[in-house]
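Notes follow the structure.
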Amino acid sequence: MDISPVDADRATAPADNTPRVAVFRKEHFNAAHRLNNPNWSDEKNTRVYGKCNNPNFHGHNYDLIVQVTGPIDPETGYVMDMKYLGDLIKEHITDRFDHKNLNLDTTEFADLNPSAENIAIVIYTILRNKLSEGLDLKIRLYETERNFVEYPV
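Written as structure tokens, this is what we have:
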């Protein structure tokens with residue numbers, strides 16, 4: 012028996028049969044950082060972090076994908092206004108981190124190693140507080156074309 016797209020949505024929807032849809036916004040920012048554990052020797056930091064422990068820092072061209080999942084608002088037809096999502100990301104993420112040295116220029120990483128994992132969690136925490144509770148949030152952060160992290164999992 013074939014299942015229509017509407018029935019397929021209902022098969023995975025919450026108990027109230029409201030379909031949930033994921034929307035995605037992709038943004039980009041450039042930032043420098045240094046991975047370093049101040050409790051370790053220089054040798055151990057170099058061994059664990061390699062080039063990422065450069066005392067003069069190094070940079071990445073980060074690609075950020077923000078996923079918001081929720082029910083479609085029957086009045087707008089949106090899960091979320093993508094312009095509003097883009098504005099949130101610009102105001103609270105890209106304006107804060109773009110062309111910054113994460114170790115030196117941000118309060119978030121003053122005492123937190125700015126690994127891709129930690130950056131993703133910080134971005135999630137900032138944006139989570141700006142979204143309604145009925146929406147789910149996931150962050151995918153590409154540090155390079157081949158290396159990326161997701162939070163939460």
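Position one of the sequence shown corresponds to residue 12 (our numbering), numbered consecutively onward. The beta carbon of each residue, even a glycine, is placed where N, CA and C say it ideally should be.
- Counting the other CB atoms within 10 Å of its CB gives Glu154 a total of 16 or more, which places it among the buried residues.
- When DSSP reads this structure, Tyr153 sits in a beta bridge with Asp74, Phe159.
- A direct Cα-to-Cα measurement between Val34 and Thr136 gives close to 19 Å.
- Sixteen is the threshold: since fewer than 16 other Cβ atoms of the shown chains lie within 10 Å of the Cβ of Pro85, the residue is exposed.
- Note: Arg31 is bridge-paired with Pro82 in the DSSP secondary-structure output.
- When only Cα atoms are considered, Met93 and Asn65 end up about 38 Å apart.
- Note that the region 38-53 touches the region 124-132; at least 3 beta-carbon pairs, one per stretch, sit closer than 8 Å.
- With fewer than 16 other CB atoms across the displayed protein chains lying within 10 angstroms of its CB, Ala121 is exposed.
- A Cβ-Cβ distance of about 18 Å is found for the pair Val77 and Ile83, leaving them out of contact under the 8 Å criterion.
- Across the structure, Leu142 and Asn50 are spaced so that their CA atoms are roughly 37 Å apart.
- About 7 Å separates the CB atoms of Thr80 and Leu146; that is less than 8 Å, so the two are in contact.
- Ranked by Cα distance from Lys149, the first of Asp116, His39, Lys111, Ala131 is Ala131.
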